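Taking it in order: structure first as structure tokens, then the write-up.
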Amino acid sequence: MQPGETKIADTRGEFLRALRDGRERNDAGWTNGRILLSNKRIVLAGTGGKRTFRLDAIDRVGGRFDVNQRVATVSDYLALQFDNGENVILIAPADFEGFEMDLYDALLSSTKFLVRHPAVEGGVVQNTEWEGARMKVEEECVSVATVSGTFVEIRLDDIGDIDMGRRTVREEQREVIEVEHSDNEGTSVQTYVSGPERAVSILKSLLRIGEEQTETSLDLSMQDKQVLMALYSGVSPFDIPQFLGIDVDQVEELFVRLIDHDVLDEVRIRHEVELNARGRSIAADAIDEQGAEM
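Rendered as structure tokens:
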């Protein structure tokens with residue numbers, strides 16, 4: 001280890017170079033070896049020798065680079081992009097999920113971000129200011145600590161929608177991530193994050209992992225969507241039968257179905273429920289579709 005360097009992960013796995021100077025390596029094959037991650041670099045050591053890649057040289061993380069069938073058959077690998085995507089290294093560690101979170105933490109934890117929280121709360125825009133913040137990537141969430149002492153937890157399995165846009169940040173136009181999630185009380189909030197362009201791009205890739213976990217292709221009925229829209233609008237689950245003109249037993253069956261499909265979270269039996277990230281996303285889309293049809 002170099003001075004100031006700390007080992008984070010040391011595991012076995014596979015790796016290969018998928019792109020070299022913008023050209024796909026169709027003949028690339030996986031090399032078995034050791035994958036070492038520190039707070040400064042990744043070291044890949046195989047039978048052909050050892051290669052070192054600085055973390056600060058990584059432009060982006062993510063994407064599929066199935067340059068041949070041998071690569072395509074591996075479902076879980078990390079694509080490390082360098083030189084604006086001209087060079088790409090693929091790594092498939094044995095402990096994929098654990099290594100993935102360790103890598104994101106190593107890439108992001110030393111970065112100074114600017115955060116507005118909550119920028120939106122319960123659908124209402126808040127008059128909060130931008131302030132400095134640090135992030136820590138943990139197993140199931142991104143923890144944000146601001147300079148004023150505010151602590152924000154963005155759970156990866158509780159992300160609704162993510163938008164990117166340019167906003168005025170301390171009198172400068174900058175790229176901003178707008179991520180919708182829940183606070184500790186279960187209220188839907190949006191947190192805005194800005195920072196160095198490279199770090200924002202990497203953070204967006206991480207948050208997209210959570211967003212994809214909440215996406216759904218369920219074939220929901222109109223009644224299902226009516227229940228979700230009612231809950232999204234603030235109607236108590238106990239008032240749903242009267243609000244929609246549906247029998248109590250029928251509503252209970254709808255709740256069970258939506259809980260089974262991971263659209264609602266059960267609070268307690270008989271059935272008190274609340275929307276989770278997937279449910280909020282579906283309800284918002286349903287409301288938009290209803291508005292477009294009027």
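Just so you know, our numbering puts 285 at position 285 of the sequence shown, and the rest follows in order with no gaps.
Using N, Cα and C, we set each Cβ at its ideal position, and we do this for glycine too.
Note that the structure is predicted; figures quoted are calculated from it, not measured.
Who are the Cβ neighbours of residue 279 in its own chain at under 6 Å, not counting the five residues just before and after it?
By one-based count along the sequence shown, residue 279 stands at place 279. Cβ neighbours of residue 279 within its own chain (closer than 6 Å, five residues either side excluded): 228, 263, 264.
Give a yes or no on whether the C-beta atoms belonging to residue 163 and residue 178 are separated by under 8 Å.
The residue you call residue 163 lines up with position 163 of the sequence shown. The residue you call residue 178 lines up with position 178 of the sequence shown. Yes; because the gap between Cβ atoms is below 8 Å, this pair is in contact.
Any chance the segment 111-125 sits against the segment 141-153, with 3 or more Cβ pairs inside 8 Å?
Yes, the segment 111-125 touches the segment 141-153.
Does the segment 23-31 come close enough to the segment 96-115 to have 3 or more Cβ pairs within less than 8 Å?
No: fewer than three Cβ pairs fall under 8 Å.
Taking just the CA atoms, how far does residue 231 sit from residue 221?
Counting from one through the sequence shown, the residue named residue 221 turns up at place 221. Counting from one through the sequence shown, the residue named residue 231 turns up at place 231. C-alpha separation (whole angstroms): 16 Å.
Can you list, in chain order, the residues of its chain whose CB lies under 6 Å from that of residue 277, leaving out five sequence neighbours each side?
Here residue 277 corresponds to residue number 277 of the sequence shown, with the count starting at 1. The residues are 158, 159, 160, 214.
DSSP three-state call for residue 39: helix, strand or coil?
Taking the first residue of the sequence shown as position 1, residue 39 is located at position 39. Three-state result, residue 39: coil.
Anticipated Cβ contact below 8 Å, residue 65 with residue 19, distance rounded:
What you label residue 65 is simply residue 65 of the sequence shown in a count that begins at 1. What you label residue 19 is simply residue 19 of the sequence shown in a count that begins at 1. Right, the Cβ-Cβ distance comes to about 7 Å (below 8 Å), so this counts as a contact.
Where residue 84 sits in the DSSP three-state scheme
Counting from one through the sequence shown, the residue named residue 84 turns up at place 84. Helix at residue 84.
Just mark residue 237 as buried or exposed, buried being the case when its beta carbon has 16 or more other beta carbons within 10 Å.
In the sequence shown, counting from the first residue as 1, residue 237 sits at position 237. Buried is the call here.
What's the call for residue 105, buried or exposed, on a 16-neighbour Cβ count within 10 Å?
Taking the sequence shown and counting its residues from 1, the one referred to as residue 105 is at position 105. Residue 105 should be labelled buried.
Residue 281 (DSSP reduced to helix, strand or coil):
If you number the sequence shown from 1, residue 281 lands on position 281. Helix.
Can you tell me whether DSSP reads residue 5 as helix, strand or coil?
Position 5 of the sequence shown, counted from the start, is the residue given in the question as residue 5. If DSSP states are grouped into helix, strand and coil, residue 5 belongs with coil.
Using C-beta distances below 8 Å, list every residue in its chain close to residue 140, excluding the 5 sequence neighbours before and after it, in chain order.
Along the sequence shown, read from residue 1 onward, the residue named residue 140 stands at position 140. By the criterion of a C-beta distance shorter than 8 Å, residue 140 is surrounded in its chain by 155, 156, 157, once the five residues flanking it on both sides are discounted.
Which partner residues of residue 45 appear in the DSSP bridge assignment?
Locating residue 45 in the sequence shown gives position 45, counting from the first residue. Residue 45 pairs with 34, 50.
Where does residue 241 sit, in a helix, a strand or coil, going by DSSP?
Along the sequence shown, read from residue 1 onward, the residue named residue 241 stands at position 241. Helix.
Quick check on residue 5: buried or exposed, where buried means 16 or more other Cβ atoms within 10 Å of its Cβ?
Counted from its first residue, the sequence shown places residue 5 at position 5. For residue 5, the number of other beta carbons within 10 angstroms of its own is below 16, and it is reported as exposed.
On a CA-only basis, which of 169, 198, 185 is nearest residue 275? Give me that one, please.
For the purposes of this step, residue 275 is identified with residue 275 of the sequence shown, where counting begins at 1. Residue 275 has its Cα closest to that of 185, out of 169, 198, 185.
Best match in 188, 62, 44 for proximity to residue 16 [C-alpha to C-alpha]
As a first step, residue 16 is located in the sequence shown; it is residue number 16 there, counting from the start. The shortest Cα separation from residue 16 among 188, 62, 44 belongs to 44.
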